[in-house]
């Protein structure tokens, strides 16, 4: 078994447009090249397997928060989050891996989903109308 593969559980809570946030997050995470496996374990829980050399749990959570998902913020979850962060940062430092997510975690993790979207000029007018002035 590879020791760099981690399995962690994401817990969602709070007001959201979807009643069950877990299936929506699972669909997004399953499309990510950095996440190895995703399974929905409950209406508000998702089990995620990923390689620690590629991404951390904090980066995955940050990316989901950037996309508008509401993660659980209970005391137990915050303690678990801090423990995971400390352990993963220590293991990555021992492997001499630099942090590679600086405020754009969602773009890095969901690169396939991001590339499918329309980018650039979204003006529906013909180009000769846009360049009139």
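Numbering (my numbering), first residue to last: 43 to 175.
Ideal placement from N, C-alpha and C gives every residue a C-beta, glycine not left out.
Check                                                                                                              : Outcome
Same chain only: Cβ atoms within 6 Å of residue 43, ignoring 5 sequence neighbours per side                        : With a pLDDT of 48 at residue 43, under the threshold of 50, the modelled position of that residue is not reliable, and the figure given next carries that caveat. Contacts found: none.
Whole-angstrom distance between residue 167 and residue 125, CA atom to CA atom                                    : 53 Å
Residue range of the unbroken beta strand (DSSP E) whose run includes residue 49                                   : 47-53
Alpha-carbon to alpha-carbon, residue 95 and residue 7                                                             : Nothing can be reported for residue 7: it is not among the residues displayed for the chain, which extend from 43 to 175.
Supposed close pair residue 47, residue 91 - CB separation, criterion 8 Å                                          : 6 Å
Nearest-angstrom beta carbon gap, residue 51 and residue 83 [assumed within contact, 8 Å]                          : 7 Å
Residue 54 classed as buried or exposed, judged by whether at least 16 other C-beta atoms fall within 10 angstroms : buried
Neighbour-count burial assignment, residue 111, 16 or more Cβ in a 10 Å radius                                     : buried
Three-state class that DSSP yields for residue 28 in the structure shown                                           : Shown here, the chain extends from 43 to 175; a query on residue 28 therefore has no answer.
Beta strand (DSSP E) segment containing residue 88, residue limits                                                 : 87-93
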